[in-house]
Amino acid sequence: MADGPGVVEDLGGMKVDRQILSMRRIDKRFTGVHALRQVDFDLDEGEIHALVGENGAGKSTLMKVFVGITPKDSGEIHYLGHQFNPRDPKHALEMGIGIIHQELNMMDHLTVAQNIFIGRESTKAGGILLDKREQARRAEELLRRLNMNIDPEEPLGRLTVGKQQMVEIAKAVSHSLRILILDEPTAALTDAEIDELFAIMRDLAAKGVGMIHISHRLDEIHRIADRVTVMRDGERVDTKPTSEVTKQQIINMMVGRVIYEQPKSKSNVAAGAPVVLRVSRLNAGKLVRDVSFDLREGEILGMAGLMGSGRTETARAIFGADEVQGGAIEIRGRRVAISSPEDAVANGIGYLSEDRKRFGLAVNLSVKDNMAMATYDRFERGLFIHAKKVGQVSDDYVHKLNIRTPSLEQLLRNLSGGNQQKVVIAKWLIRNCEILIFDEPTRGIDVGAKSEIYTLMNELTKEGKSIIMISSELPEILRMSDRIIVMCEGRLTGELPIEKASQEAIMGYATMGHQAVLSRS
Amino acid sequence: MANDTQEIGSMQRFLERGLKWVLAPAALVILYVFFGIFGRNYFSYPTLVNIIDAAYYIGFISMGVTFVIITGGIDLSVGTVMMASAIIGGTALKHGFPMVPSLLLIIVVGGAFGLFNGIFVSRLKMPPFIVTLGTMMISMGVGSIVSNVSSATFPIRHTPGGWFKSIFLYLTPAGVGVPTGAILLILVAVICHITLSNTKMGRYTYAIGSNMEAARLSGVDVRKWQMLVYVIAGLTAGIGGISYAAIYTTVLPAQGQGFELYAIAAAVIGGTSLAGGVGTIWGTIIGVFIMSVLATGLPSMNLEAHYQTFFTGVIVIGAVLLDMYRNRKAAEVRIETPADAYRASMAKNIAALRQELSSRAAARDAQGAAEARKRIAAARMEMRSTFAKMKKEEKAEQSRIRAEERAAEHKFAEALGRKEPSGQKEPERP
Chain A
91 MADGPGVVED LGGMKVDRQI LSMRRIDKRF TGVHALRQVD FDLDEGEIHA LVGENGAGKS
151 TLMKVFVGIT PKDSGEIHYL GHQFNPRDPK HALEMGIGII HQELNMMDHL TVAQNIFIGR
211 ESTKAGGILL DKREQARRAE ELLRRLNMNI DPEEPLGRLT VGKQQMVEIA KAVSHSLRIL
271 ILDEPTAALT DAEIDELFAI MRDLAAKGVG MIHISHRLDE IHRIADRVTV MRDGERVDTK
331 PTSEVTKQQI INMMVGRVIY EQPKSKSNVA AGAPVVLRVS RLNAGKLVRD VSFDLREGEI
391 LGMAGLMGSG RTETARAIFG ADEVQGGAIE IRGRRVAISS PEDAVANGIG YLSEDRKRFG
451 LAVNLSVKDN MAMATYDRFE RGLFIHAKKV GQVSDDYVHK LNIRTPSLEQ LLRNLSGGNQ
511 QKVVIAKWLI RNCEILIFDE PTRGIDVGAK SEIYTLMNEL TKEGKSIIMI SSELPEILRM
571 SDRIIVMCEG RLTGELPIEK ASQEAIMGYA TMGHQAVLSR S
Chain B
25 MANDTQEIGS MQRFLERGLK WVLAPAALVI LYVFFGIFGR NYFSYPTLVN IIDAAYYIGF
85 ISMGVTFVII TGGIDLSVGT VMMASAIIGG TALKHGFPMV PSLLLIIVVG GAFGLFNGIF
145 VSRLKMPPFI VTLGTMMISM GVGSIVSNVS SATFPIRHTP GGWFKSIFLY LTPAGVGVPT
205 GAILLILVAV ICHITLSNTK MGRYTYAIGS NMEAARLSGV DVRKWQMLVY VIAGLTAGIG
265 GISYAAIYTT VLPAQGQGFE LYAIAAAVIG GTSLAGGVGT IWGTIIGVFI MSVLATGLPS
325 MNLEAHYQTF FTGVIVIGAV LLDMYRNRKA AEVRIETPAD AYRASMAKNI AALRQELSSR
385 AAARDAQGAA EARKRIAAAR MEMRSTFAKM KKEEKAEQSR IRAEERAAEH KFAEALGRKE
445 PSGQKEPERP
């Protein structure tokens with residue numbers, strides 16, 4: 091991957107007098123939390139300014155203040171040289187400030203053009219009828235200008251997440267933007283899609299749009315941003331040109347302590363460790379084709395691949411969540427039939443979904459209920475649930491996993507992402523699952539909670555549990571895995587012992603299938 | 025009274041959690057007292073019996089419906105299933121079936137309709153609204169077909185089989201009615217409550233309603249439990265059918281339409297969310313009694329019974345509105361201003377003084393205690409006035425800022441209007 095600040099050189103000279111935003115001494119308190127403490131933030135015309143910090147550091151709150159979702163307690167915002175007090179995001183948008191949220195807010199059933207111009211449709215016959223043709227033309231022109239290769243007539247739901255996000259950007263840009271805020275835009279994108287997104291961002295920057303780029307992925311910052319502002323505990327730690335800081339320095343500023351992100355040097359699995367799970371010639375849907383692999387006791391098996399390579403589908407097929415067309419699964423040498431998640435759980439398999447809100451948790455239930463969900467049948471005493479035991483065990487795991495919650499009765503929606511994830515992990519640990527499939531276990535959670543989850547995974551394997559870890563972040567795969575398998579287009583394309591693994595080697599396998607498929611067709 | 029810090033803390037806690045449990049019962053009590061004051065002879069034993077009588081059949085079916093609604097489903101068939109099973113039982117009786125098997129048949133028929141719903145919803149993944157709408161019509165038809173469109177009359181008191189009326193209303197030799205059915209209603213409610221809160225099935229019911237896919241991926245046999253809640257709804261409809269037969273003696277064919285809506289209304293008034301995952305049996309029972317108080321109270325004020333429908337509607341909408349408002353309030357983040365901080369610190373001081381007072385009192389230091397009491401009173405007074413003043417200042421300050429902001433915004437908008445911001449065009453470069 092080519093990175094380095096080269097691509098932004100031409101912007102280097104135009105910093106002075108081009109400031110379009112200056113936030114001064116922004117302060118915001120919630121009950122019990124001082125969310126923003128006298129924060130300053132600037133943005134220049136055509137600048138890409140990265141805003142980083144752990145969850146709860148205040149970056150989202152700062153942006154919410156800026157676009158009028160949350161009112162500030164004190165401080166001043168100067169935008170284009172005027173004092174600016176946004177009433178709500180709509181007002182901010184009218185003033186040329188757009189925000190793209192982590193979760194996309196668009197309508198799957200409508201076409202791209204309809205999504206872009208919703209609320210501002212082209213009309214004819216005096217405003218009574220929709221002018222679909224004109225609208226499609228406008229959308230096409232807009233998409234072309236932004237170098238996005240998207241058909242405006244396509245229903246949005248048929249596009250990949252990456253394309254959908256581009257449509258959202260196009261929608262924002264169509265409102266004569268001066269400032270665009272991107273909240274974790276790359277969280278769900280493949281590397282190729284990220285490249286495309288960054289090209290579009292640079293293009294916008296060249297047209298003078300200032301961008302605030304919020305990201306957990308620090309690798310991106312040097313590739314795309316001109317300056318970086320680090321926040322911690324509601325304060326701005328520092329703002330620096332990206333060319334003057336290293337990734338390690340940024341991390342240190344974020345957490346106030348040193349975290350080393352080093353690849354694992356050698357496998358922790360003993361040479362003769364027994365095979366716990368053997369998957370042979372598994373077929374399911376379009377994205378799981380003849381997948382075969384072994385998982386050994388105490389092993390963390392990294393499963394790498396691009397978005398849409400079939401990793402999640404493989405995991406779901408093993409877990410019985412989707413229909414399987416063929417293949418065999420053996421657990422400790424014994425052939426098992428898994429046709430539903432219930433069977434999988436009964437065989438000691440736990441699955442941590444990539445989308446915890448949709449598939450992992452019941453956000454309106456309590457911490458306790460979520461933790462015990464997979465294990466209620468073991469907590470029965472006669473006809474009833476042994477409530478005291480449920481309480482004790484959940485309390486145990488709250489402490490063991492260091493879950494920050496005021497009580498076991500707290501509703502899960504009130505917990506932070508990292509703590510929610512720990513609750514899902516606790517659910518499977520309480521069930522005492524031997525085989526754990528972790529699908530993107532650290533997605534959308536902050537650096538601190540991430541390293542806690544890493545530590546936990548290592549402890550689990552020491553206890554003899556075996557883990558399949560699916561991740562889109564190669565450094566994470568390299569840091570955690572004992573062995574790595576790579577998927578592409580539904581097939582297993584490579585296997586690497588950790589000693590021989592590198593980002594380049596993994597990417598080689600992950601893109602191999604593309605070529606193979608291309609050459610075949 | 026507790027000291028002030030606790031007072032604030034517990035008040036907030038109450039607003040967030042407790043209020044939910046108090047609102048509906050409070051509304052019930054207020055309504056009852058209201059009719060007691062303005063209605064004729066409302067505070068009387070016969071009226072009470074009437075209230076309870078009127079609560080039976082809706083009460084039973086609403087409990088089953090509560091299960092279904094908590095899973096995120098809906099059951100529109102409970103009303104007609106109740107009447108269909110009652111009329112089928114009555115027809116069996118007419119054809120010489122003994123009493124006990126006939127009553128059991130009523131429950132079995134109810135359960136069978138529930139199973140029918142459950143299979144279509146859980147196995148064939150059909151929308152509950154459609155399935156139960158169909159079952160509503162089917163059960164109405166089945167009732168008419170089986171009874172050959174004639175009514176079924178259950179035995180009256182003091183005839184063979186008439187004993188079953190006493191399950192719901194026992195008449196003493198002096199002719200005083202004892203609403204024994206209340207015991208059955210409470211018994212069923214307790215069973216339902218324990219099922220929901222203390223069994224695997226109950227926890228799964230909430231889990232399915234809160235996030236069905238997450239429950240499935242936790243290894244919960246969603247199909248089985250989802251089917252079972254519809255069976256429960258059918259069974260309670262059967263019990264409701266018996267209670268209807270016992271109270272009204274004659275069951276007409278093709279009846280019961282509309283009862284399901286009252287049952288749903290009762291659940292909703294009691295705080296059950298149609299979105300699933302939230303609800304309690306107690307809430308539903310309170311909802312049932314609110315409607316039954318209305319049904320008996322309005323006639324006692326010389327308002328026709330059909331006013332009941334009107335007011336029930338008002339209460340349903342009001343209850344949900346209130347619940348939404350309360351949820352929003354509870355989720356709202358409070359902003360702590362200096363005034364709040366001041367009040368909190370003063371409350372702490374007062375608490376300290378209180379402690380001193382109690383230690384003085386314990387030491388029988390009458391003079392010291394009196395002095396401490398005086399100081400507490402002074403501190404409270406000061407706290408109140410200063411807090412009010414600070415709040416007022418804060419408000420004034422805020423409105424001043426708002427006015428300034430509006431002015432600035434106006435100026436800004438004017439300036440922007442001239443400049444026309446644009447991210448599409450190349451920005452002008454000096």
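The listed protein sequences correspond, in order, to chains A and B. 91 is the number of the first residue of the first sequence in this note's numbering; add one for each residue after it. 25 is the number of the first residue of the second sequence in this note's numbering; add one for each residue after it. Each residue gets a CB set at the ideal place from its N, CA and C atoms; glycine is no exception. The structure displayed is predicted, hence computed values, not measured ones.
Hey, how far is the Cα of Ser423(B) from the Cα of Glu417(B)?
As a working mapping, residue 423(B) is identified with position 399 in the second sequence. As a working mapping, residue 417(B) is identified with position 393 in the second sequence. The alpha-carbon atoms of Ser423(B) and Glu417(B) are separated by roughly 10 Å.
Return no unless some Cβ of chain A is closer than 9 Å to the Cβ of Val46(B).
Within the second sequence, numbered from 1, the residue matching residue 46(B) stands at position 22. Not an interface residue.
Let me know if Arg326(A) comes out buried or exposed under the rule of 16 or more other beta-carbons within 10 Å of its beta-carbon.
Start at 1 with the first residue of the first sequence, and residue 326(A) comes out as number 236. Looking at its Cβ environment, which holds 16 or more other Cβ atoms inside 10 Å, Arg326(A) is buried.
The region 241-257 of chain B: which residues have C-beta closer than 8 Å to a C-beta of chain A, in chain order?
Leu241, Ser242, Gly243, Val244, Asp245
Would you kindly report the start and end of the unbroken beta strand (DSSP E) that includes Leu372(A)?
Counting from 1 along the first sequence, the entry for residue 372(A) is found at position 282. Element bounds for Leu372(A): 365-374.
Run down chain A in chain order and give the residues with a C-beta less than 8 Å from the C-beta of Val302(B).
Looking up residue 302(B) in the second sequence gives position 278. The answer, in chain order, is Asn454.
Please name the residue or residues paired with Gln109(A) in a DSSP beta bridge.
Mapped onto the first sequence, residue 109(A) falls at position 19. Its beta-bridge partners are Asp134(A).
Contact criterion: CB-CB distance below 9 Å. Does His199(A) meet it with respect to chain B?
Position 109 of the first sequence, counted from the first residue, corresponds to residue 199(A). So, not an interface residue.
9 Å is my cut-off, CB to CB: does Asn222(B) come that close to chain A?
Working through the second sequence from its first residue, we reach residue 222(B) at position 198. Yes, because at least one Cβ of chain A sits closer than 9 Å to the Cβ of Asn222(B).
What residue ranges within the region 207-272 of chain A form continuous alpha helix (DSSP H) runs of no fewer than 4 residues, ordered along the chain?
222-235, 251-263
How is Tyr254(B) classed by DSSP in three states: helix, strand or coil?
On the second sequence, residue 254(B) is found 230 positions in, with the first residue counted as 1. In this structure, Tyr254(B) counts as helix in the three-state DSSP scheme.
If we count Cβ pairs, one from each stretch, closer than 8 Å, do we get three or more for the region 242-250 of chain B versus the region 56-71 of chain B?
no
Kindly list the residues whose CB is nearer than 8 Å to the CB of Leu564(A), restricted to its own chain and excluding five residues on each side of it in sequence; keep chain order.
On the first sequence, position 474 is the one that residue 564(A) refers to. Excluding residues within five positions, the ones whose Cβ falls inside 8 Å are Ala394, Gln593, Ile596, Met597.
Which residues in chain B sit within 8 Å of Ala464(A), going by Cβ to Cβ distance?
The residue labelled residue 464(A) in the question sits at position 374 within the first sequence. Simply Ser242, Gly243, Val244.
Output yes if chain A places a C-beta closer than 9 Å to the C-beta of Arg352(B); else output no.
Here residue 352(B) is taken as the residue at index 328 of the second sequence, counted from 1. False, the Cβ-Cβ gap to chain A never drops below 9 Å.
Give a yes or no on whether the minimum CB-CB distance between Asp648(A) and chain B is below 9 Å.
Residue 648(A) cannot be examined here, being either before or after the span of chain A that is shown, 91 to 611.
If you check the beta carbons only, do Val317(B) and Leu100(B) fall under 9 Å apart?
Counting from 1 along the second sequence, the entry for residue 317(B) is found at position 293. Counting from 1 along the second sequence, the entry for residue 100(B) is found at position 76. Between Val317(B) and Leu100(B), the C-beta spacing is not below 9 Å.
What is the DSSP secondary structure of Glu456(A), reduced to helix, strand or coil?
In the first sequence, the residue the question calls residue 456(A) occupies position 366. Here residue 456(A) is Ser; the residue named in the question, Glu, does not match the sequence. Three-state DSSP puts Ser456(A) in a strand.
For Cys578(A), name the three-state secondary structure that DSSP assigns.
Residue numbering aside, residue 578(A) sits at position 488 when the first sequence is read from its first letter. Strand.
Can you give me the C-alpha to C-alpha distance between Ile190(A) and Phe288(A), rounded to a whole angstrom?
Your numbering for residue 190(A) matches position 100 in the first sequence. Your numbering for residue 288(A) matches position 198 in the first sequence. Between Ile190(A) and Phe288(A), the C-alpha separation is close to 15 Å.
I need the straight-line Cα distance from Glu380(B) to Met405(B), nearest angstrom please.
In the second sequence, the residue the question calls residue 380(B) occupies position 356. In the second sequence, the residue the question calls residue 405(B) occupies position 381. It is roughly 18 Å from the alpha-carbon of Glu380(B) to the alpha-carbon of Met405(B).
Determine the direct distance from the alpha carbon of Pro275(A) to that of Leu505(A), and round the result to whole angstroms.
Within the first sequence, the letter at position 415 stands for residue 505(A). Within the first sequence, the letter at position 185 stands for residue 275(A). The straight-line gap from Cα to Cα measures roughly 23 Å.
Using the beta-carbon of each residue, which ones in chain A are nearer than 8 Å to Arg227(B)?
Position 203 of the second sequence, counting from 1, holds the residue named residue 227(B). The answer, in chain order, is Asp459, Ala462, Met463, Tyr466, Ile475.
When the cut-off is 9 Å and only beta carbons count, does Ile436(A) lie next to chain B?
One-based indexing of the first sequence puts residue 436(A) at position 346. In the sequence under discussion, the amino acid at residue 436(A) is Ala, which differs from the Ile named in the question. Any Cβ of chain B closer than 9 Å to the Cβ of Ala436(A) would place that residue at the interface, and such an atom is present.
Is the shortest distance between the beta-carbon of Lys435(B) and the beta-carbons of chain A less than 9 Å?
For the purposes of this step, residue 435(B) is identified with residue 411 of the second sequence, where counting begins at 1. So yes, Lys435(B) belongs to the interface.
Considering only C-alpha positions, which residue in the set Gly324(A), Asn237(A), Arg581(A), Ala411(A) is nearest to Ala125(A)?
Reading the first sequence from its first residue, position 35 is the one you call residue 125(A). When each option's Cα is compared against that of Ala125(A), the closest is Gly324(A).
Between Arg115(A) and chain B, is there a C-beta pair that is closer than 9 Å?
Locating residue 115(A) in the first sequence gives position 25, counting from the first residue. No, because no Cβ of chain B sits closer than 9 Å to the Cβ of Arg115(A).
Taking the alpha carbon of Val303(B) as the point to measure from, which residue in Gly185(B), Ala319(B), Leu252(B), Ile232(B) has its own alpha carbon closest?
As a working mapping, residue 303(B) is identified with position 279 in the second sequence. Correcting the residue type first, residue 303(B) is Gly in the shown sequence and not Val. Considering only alpha carbons, the answer is Ile232(B).
So Gly294(B) and Gly311(B) are supposed to be a Cβ contact under 8 Å. How far apart are they, rounded?
Within the second sequence, numbered from 1, the residue matching residue 294(B) stands at position 270. Within the second sequence, numbered from 1, the residue matching residue 311(B) stands at position 287. About 4 Å separates the two Cβ atoms, so the contact holds.
Taking Cβ positions, are Ser562(A) and Glu589(A) nearer each other than 9 Å?
If you number the first sequence from 1, residue 562(A) lands on position 472. If you number the first sequence from 1, residue 589(A) lands on position 499. No; because the gap between Cβ atoms is not below 9 Å, this pair is not in contact.
List the residues of chain A that Ser234(B) touches, going by C-beta distances under 8 Å, in chain order.
Working through the second sequence from its first residue, we reach residue 234(B) at position 210. Under the 8 Å cutoff, chain A gives Ala452, Val453, Asn454, Leu455.
Please check if any C-beta of chain B sits within less than 9 Å of the C-beta of Lys478(A).
Position 388 of the first sequence, counted from the first residue, corresponds to residue 478(A). No, Lys478(A) lies away from the interface with chain B (no Cβ there is under 9 Å from its Cβ).
What's the call for Gln352(A), buried or exposed, on a 16-neighbour Cβ count within 10 Å?
Here residue 352(A) corresponds to residue number 262 of the first sequence, with the count starting at 1. Under this definition Gln352(A) is an exposed residue.
To be precise: take each residue of the region 294-307 of chain A, compare its Cβ to all Cβ atoms of chain B, and keep it if any distance is under 8 Å. Which residues remain?
Leu294, Lys297, Gly298, Val299
Since Lys458(A) and Glu499(A) should fall inside the 8 Å C-beta cutoff, what is the C-beta to C-beta distance between them, to a whole number of angstroms?
By 1-based counting over the first sequence, the position of residue 458(A) is 368. By 1-based counting over the first sequence, the position of residue 499(A) is 409. Contact flag correct, Cβ pair sits at about 7 Å.
Pop quiz: Thr223(B) and Phe474(A) are said to be a contact at Cβ under 8 Å. What is the actual Cβ separation, rounded to whole angstroms?
Along the second sequence, read from residue 1 onward, the residue named residue 223(B) stands at position 199. Along the first sequence, read from residue 1 onward, the residue named residue 474(A) stands at position 384. The distance from the Cβ of Thr223(B) to that of Phe474(A) is about 6 Å, consistent with a contact at the 8 Å cut-off.
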